[in-house]
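Enquirer: Once you've had a glance at the structure underneath, I'll fire off some questions.
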Amino acid sequence: MEQRLTDEERLTLRTGAFGAVFLVSNADPGVLAMVKESFAASAAFAGAAGLVKEALTAGPLPELPTDSALEVESVVVPALERSLRILAEKSPGEVAAYRAVVLDAADRVAEAHRGVVPAEAAVIDRIRTALAEPA
């Protein structure tokens, strides 16, 4: 049975998803790239459904650290992991959807400008690991 998400839980899902996109985008920075990547991520999130779409398309943007990619990753990876736990508890059928939309957004962002470079691929691998099924 699907349960409603709290504001804090929705923010956790947004922090993981938007943070993942931010990490990929910053792996190969550039102003033109940022614009293309923003549209690519928005399209992926808009394609979500159910609780995942509600969480990703409504509410404030998450506040992420700005000092370093490592600092951002130290917030984003736990948010991704918590997001999966939240969804597993509240709406188990949405876990795969969240995982898919975040990875789709990360892939689209990497492809949006000049294709996937090694730094972006490495970040996507870390995101994929954070979203992996628990052992």
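Counting from 530, one number per residue, gives the positions in the sequence shown under the numbering used here.
Even for Gly, the Cβ is constructed at its ideal location relative to N, Cα and C.
Here the structure is a predicted model, which is why all the values come from computation and not from measurement.
1. Would you say residue 655 and residue 570 are within 8 Å of each other, going by their C-beta atoms?
2. Rounded to whole angstroms, what's the CA-CA distance from residue 669 to residue 605? Just pull it up for me.
3. With distance defined between alpha-carbon atoms, name the residue in 615, 545 and 603 nearest to residue 591.
4. Exposed or buried, residue 548, counting other C-beta atoms within 10 Å across all chains shown (16 or more means buried)?
5. Residue 640 lies in the alpha helix (DSSP H); which residues open and close that run?
6. Here's the rule I'm using: 16 or more other beta-carbon atoms within 10 Å means buried, otherwise exposed. How should residue 613 be labelled?
7. Helix, strand or coil, according to DSSP, for residue 603 in the structure here?
8. Where do the N-terminal and C-terminal ends of the alpha helix (DSSP H) with residue 654 fall, by residue?
9. With a threshold of 6 Å on Cβ separation, who are the neighbours of residue 645 within its own chain once the five nearest residues in sequence on each side are excluded?
10. Can you say whether residue 664 is buried or exposed, counting buried as having 16 or more other CB atoms within 10 angstroms of its CB?
11. Beta-carbon within less than 6 Å of residue 609's beta-carbon, same chain only, minus the 5 sequence neighbours each way: which residues are those?
12. Could you check where the alpha helix (DSSP H) with residue 586 kicks off and where it finishes?
Expert: This is what the structure holds:
1. Not closer than 8 Å, so no.
2. The displayed coordinates of the chain run from 530 to 664. Any statement about residue 669 would go beyond what the structure contains.
3. Comparing Cα positions, the closest option is 545.
4. Buried, because 16 or more other Cβ atoms sit within 10 Å of the Cβ of residue 548.
5. Where residue 640 is concerned, the enclosing alpha helix (DSSP H) stretches over 624-640.
6. Answer is buried; the Cβ neighbour count reaches 16.
7. Collapsing the DSSP output to three states places residue 603 in a helix.
8. Residues 647-659.
9. Only residues of its own chain outside the window of five on either side were considered, and among them 639 have a CB closer than 6 Å to the CB of residue 645, listed in chain order.
10. Below a pLDDT of 50, predicted positions are generally treated as unreliable, and residue 664, at 43, falls in that range; the measurement from the model is reported next regardless. Result: exposed.
11. Excluding five sequence positions before and after residue 609, the CB atoms of its chain that fall closer than 6 Å to its own CB belong to 545, 659 and 660, given in chain order.
12. Where residue 586 is concerned, the enclosing alpha helix (DSSP H) starts and stops at 579-586.
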